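A quick write-up on the structure given underneath.
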Amino acid sequence: MSPKTLYDKIWDAHVAHEADDGTCLLYIDRHLVHEVTSPQAFEGLRMAGRPVRAPEKTIAVPDHNVPTTPGREDPANMTEDSAIQVAALDKNAKEFGIHYYPVTDIRQGIVHIVGPEQGWTLPGMTVVCGDSHTATHGAFGALAHGIGTSEVEHVLATQTLIQKKSKNMKVEITGKLRPGVTAKDITLAVIGATGTAGGTGYVIEYCGEAIRDLSMEGRMTVCNMAIEGGARAGLIAPDEKTFEYVNGRPHAPKGAQWEAALNWWKTLYTDEGAHFDQVITLKGEEIEPVVTWGTSPEDVLPITATVPAPEDFEGGKVEAARRSIDYMGLTPGQKLSDIAIDTVFIGSCTNGRIEDLRAAAEIVKGKKIKDGMRAMVVPGSGLVRLQAEEEGLADVFKEAGFEWRLAGCSMCLAMNPDQLSEGERCASTSNRNFEGRQGYKGRTHLVSPAMAAAAAITGKLTDVRELM
Amino acid sequence: MDKFTKLTGIAAPMPLVNIDTDMIIPKVFLKTIKRSGLGVNLFDEMRYDREGNEIEDFVLNKPAYRNAEILVAGDNFGCGSSREHAPWAIKDFGIKCVISTSFADIFYNNCFKNGILPIVLPQEDVDKLMDDANRGANATVTVDLENQTITGPDGGEISFEVDAFRKHCLLNGLDDIGLTMEKSTSIDAFEETAAQARPWV
Numbered sequence: 001m002s003p004k005t006l007y008d009k010i011w012d013a014h015v016a017h018e019a020d021d022g023t024c025l026l027y028i029d030r031h032l033v034h035e036v037t038s039p040q041a042f043e044g045l046r047m048a049g050r051p052v053r054a055p056e057k058t059i060a061v062p063d064h065n066v067p068t069t070p071g072r073e074d075p076a077n078m079t080e081d082s083a084i085q086v087a088a089l090d091k092n093a094k095e096f097g098i099h100y101y102p103v104t105d106i107r108q109g110i111v112h113i114v115g116p117e118q119g120w121t122l123p124g125m126t127v128v129c130g131d132s133h134t135a136t137h138g139a140f141g142a143l144a145h146g147i148g149t150s151e152v153e154h155v156l157a158t159q160t161l162i163q164k165k166s167k168n169m170k171v172e173i174t175g176k177l178r179p180g181v182t183a184k185d186i187t188l189a190v191i192g193a194t195g196t197a198g199g200t201g202y203v204i205e206y207c208g209e210a211i212r213d214l215s216m217e218g219r220m221t222v223c224n225m226a227i228e229g230g231a232r233a234g235l236i237a238p239d240e241k242t243f244e245y246v247n248g249r250p251h252a253p254k255g256a257q258w259e260a261a262l263n264w265w266k267t268l269y270t271d272e273g274a275h276f277d278q279v280i281t282l283k284g285e286e287i288e289p290v291v292t293w294g295t296s297p298e299d300v301l302p303i304t305a306t307v308p309a310p311e312d313f314e315g316g317k318v319e320a321a322r323r324s325i326d327y328m329g330l331t332p333g334q335k336l337s338d339i340a341i342d343t344v345f346i347g348s349c350t351n352g353r354i355e356d357l358r359a360a361a362e363i364v365k366g367k368k369i370k371d372g373m374r375a376m377v378v379p380g381s382g383l384v385r386l387q388a389e390e391e392g393l394a395d396v397f398k399e400a401g402f403e404w405r406l407a408g409c410s411m412c413l414a415m416n417p418d419q420l421s422e423g424e425r426c427a428s429t430s431n432r433n434f435e436g437r438q439g440y441k442g443r444t445h446l447v448s449p450a451m452a453a454a455a456a457i458t459g460k461l462t463d464v465r466e467l468m
Numbered sequence: 001m002d003k004f005t006k007l008t009g010i011a012a013p014m015p016l017v018n019i020d021t022d023m024i025i026p027k028v029f030l031k032t033i034k035r036s037g038l039g040v041n042l043f044d045e046m047r048y049d050r051e052g053n054e055i056e057d058f059v060l061n062k063p064a065y066r067n068a069e070i071l072v073a074g075d076n077f078g079c080g081s082s083r084e085h086a087p088w089a090i091k092d093f094g095i096k097c098v099i100s101t102s103f104a105d106i107f108y109n110n111c112f113k114n115g116i117l118p119i120v121l122p123q124e125d126v127d128k129l130m131d132d133a134n135r136g137a138n139a140t141v142t143v144d145l146e147n148q149t150i151t152g153p154d155g156g157e158i159s160f161e162v163d164a165f166r167k168h169c170l171l172n173g174l175d176d177i178g179l180t181m182e183k184s185t186s187i188d189a190f191e192e193t194a195a196q197a198r199p200w201v
């Protein structure tokens, strides 16, 4: 048998039908659903009189729209259109009999944080959601990717997706990370190296010592942004850390099934000699704390660098860089560490887990945020929030002047009331710095939680190593 | 789904690279539970000022391109979120074909589900079509899916590749779910085998 990659193995285990031209029906083990990309899909089922084929494998949670301030369970505290979407999810979950975590449930949170937390996400699974950051679940060695609403309806109706296989890419991060460098810096550095279209047509397997050394939280951060590099999915082979994280979660297998699962999970690695269509290697020790300067996640530079000039680029990127620099209100040659920040956002499916809050609190502890700074921490789930409160992290943030919020997507995409105003500049732990992403004409610099915390203290983009 | 067979229409040039889904349809318009009516907000933040007035020099506001049915775009069009609201807005505006050097994966898939044909071409071909598109309303382009060709206003022909299954679905306006349901015995059989092999799933 020819050697296989991790992706090959998971793919092969899920092909329910293959046509002569290679078009496959890929069976889906877990379907995660949220309120923004699902109403039209459920409506489609209803109109066609179709049931959800596997409601026991379908999990819904409202996250994109929900306010992160107290009183949010009252629809009157939401905008009318948000309330309609949340109510629609509520109704659809009940009517079609799928698992559901409403805003009143302590387990509610960002769908990509809830899935792993509750043990829905397991190694070797196929996981989809009408959300591009489904890539997050790849950290468990699950093949996980975002789909559109038509595909959401397709999965609801058939528990499969029509797919053609992607190519294999290996991204290896060798060696050790230096102090102050985190999973977020790795994933941004990779996108900086490959560009936002570099992964198009590929599934990426992240490997190497620096990846192995990451916690499960860190691995989720890395895989989360595989989509920002254009890849269909990101994967990390499961290991003892993965099994330990999964073990005992509410929906993880137990007893004899745990043993059986473990036996299979231990076969989920890329065989010696398996073929990768592309290989990218970065040295862990050369990665620095990074920030984005522009309006594409590929606009990444070390915090020690300066704002580039449009002429530094080639082709269509010259005009894009000119537009970005203008939008961001920057000047070529300006030191990135001189850029003053109005707002700090710590949260999102990229960096809203307990480890992220610990890293930020470590920097914040005993300090105050800069006068006039707006800073907020939005835990990724109710359970993350609870744990952070128990560990005393919430008090650290509150004493420093941060707002301590309820769980949701919040200012990552500003579909709820948490938004930037025109020209407001934010150091954000989220995943996209697109124009208008965090609010109309808002300006986003993507950073790690520790770097965001540092910016909140100093009032400007800051090399976190100076505060360590 | 609407069929896509042959289209002759005005092509609008948008040479900017990395046009993302937040540009195509900002999130404030995602709070709908319908698929229709998004065309008026296509490229909203580029197309209108804060008061809702049209920005004159935005391409789709120019008289020549108001009825454009084809978009010739810069590299990596549709990157970002999985929102199908992006192709819904494009379709609702009246654009049925987007041409670029590359597309983001999810956006590309979403187009085919909505009767939109996304075409990937080498840089030189996109450059040529961008020049054609820059000539305005008098320069129409014909996209023939059956023969996989694009004919420019000067008669020059460019051929393109498209997945055979997707082409078949577009030409015939086929509904994916209906097609998959025809294979339900394969899905049943897979479920049975998988339940034995991986009962914990």
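Protein chains in written order, with UniProt numbering: chain B, 1 to 468; chain R, 1 to 201.
We treat Cβ as the ideally placed atom computed from N, Cα and C, and that holds for glycine.
Just so we're clear, the structure is a prediction, and the values are computed from it rather than from any experiment.
Taking a cut-off of 8 angstroms for Cβ pairs, the region 110-120 of chain R and the region 174-190 of chain B do not touch, as fewer than three such pairs fall below it. When the five nearest sequence neighbours on each side are left out, the beta carbons in the same chain lying within less than 7 angstroms of the beta carbon of residue 461 of chain B are those of 291, 303, 336, 337, 339, 341, 427, 445 and 455, in order along the chain. Annotated three-state conformation of residue 40 of chain B is helix, per DSSP. Residue range 300-302 is occupied by the beta strand (DSSP E) that includes residue 301 of chain B.
Sequence-distant partners of residue 56 of chain R (beyond 5 residues in either direction) whose C-beta falls short of 8 angstroms from its own C-beta, in its chain, are 62.
Taking C-beta atoms under 8 angstroms as the contact rule, residue 356 of chain B and residue 449 of chain B qualify, at a distance of about 4 angstroms. Contact between residue 98 of chain B and residue 59 of chain B holds: their C-beta atoms lie close to 7 angstroms from each other, under 8 angstroms. With respect to chain B, the C-beta atom of residue 120 of chain R has no partner C-beta closer than 7 angstroms. If you ignore the 5 residues before and after residue 30 of chain R, its C-beta comes within less than 8 angstroms of the C-beta of 83 and 85, all in its own chain and listed in chain order. In the DSSP assignment, residue 130 of chain R falls within the unbroken alpha helix (DSSP H) covering 123-133.
Apart from the 5 residues on each side of it in sequence, residue 175 of chain B sits with its Cβ closer than 7 angstroms to the Cβ of 209, 210, 283, 284 and 285 in its chain, given in chain order.
In this structure the region 424-443 of chain B does not lie against the region 260-278 of chain B, because fewer than three pairs of beta carbons, one per stretch, are closer than 8 angstroms. With three or more CB-CB distances shorter than 8 angstroms, the region 245-264 of chain B counts as touching the region 121-132 of chain B.
Using a CB distance cut-off of 7 angstroms, residue 18 of chain R counts as an interface residue toward chain B. Short of 7 angstroms from the beta carbon of residue 374 of chain B, and not among the five residues preceding or following it, lie these beta carbons of its own chain, in chain order: 342 and 343. Annotated as proximal: residue 39 of chain B and residue 88 of chain B, with beta-carbon spacing under 7 angstroms. Counting of Cβ neighbours within 10 angstroms places residue 40 of chain R among the exposed residues, the total staying below 16. Spanning the alpha carbons of residue 37 of chain R and residue 41 of chain B requires a straight line of approximately 17 angstroms.
Residue pairing from DSSP places residue 443 of chain B in a beta bridge opposite B:425. Where residue 278 of chain B is concerned, the enclosing beta strand (DSSP E) starts and stops at 278-283. Within the same chain, 144, 223, 233, 234 and 235 come within 6 angstroms of residue 138 of chain B by CB-CB distance, once the 5 residues on both sides are set aside.
Residues of the region 303-337 of chain B with a C-beta atom less than 9 angstroms from some C-beta of chain R are 315, 316, 317, 319, 320 and 323, listed in chain order.
Within its own chain, the residues whose Cβ lies closer than 8 angstroms to the Cβ of residue 164 of chain B, once the five positions on either side in sequence are excluded, are 22, 23 and 24, listed in chain order. Listed in chain order, the non-local C-beta contacts of residue 4 of chain B below 8 angstroms within the same chain comprise 12, 270, 271 and 274, local neighbours out to five positions each way being set aside. Measuring C-alpha to C-alpha distances from residue 105 of chain R to each of B:198, B:37, B:186 and B:317 identifies B:198 as the nearest. Within chain R, the residues whose beta carbon sits less than 7 angstroms from that of residue 36 of chain B are 30, listed in sequence order.
Under DSSP, residue 9 of chain R takes part in a beta bridge, and its partners are R:141.
Residue ranges of uninterrupted beta strand (DSSP E) with 3 or more members, entirely inside the region 39-75 of chain R and ordered along the chain, are 70-73. Collapsing the DSSP output to three states places residue 452 of chain B in a helix. Nearest CB-CB separation between residue 430 of chain B and chain R: not below the 7 angstroms threshold. Note on geometry: alpha-carbon atoms of residue 438 of chain B and residue 258 of chain B lie some 42 angstroms from one another. Scanning chain B for C-beta atoms nearer than 8 angstroms to the C-beta of residue 113 of chain R yields 148, 150 and 151, reported in chain order. Below the 9 angstroms Cβ cutoff, chain B contributes 413, 432, 434, 435, 436 and 437 as neighbours of residue 22 of chain R, in chain order. Going by C-alpha positions, residue 95 of chain R is about 17 angstroms away from residue 152 of chain R.
By the criterion of at least three beta-carbon pairs nearer than 8 angstroms, the region 325-336 of chain B is not in contact with the region 388-408 of chain B. Residues of chain R whose Cβ lies closer than 8 angstroms to the Cβ of residue 82 of chain B are, in chain order, 31.
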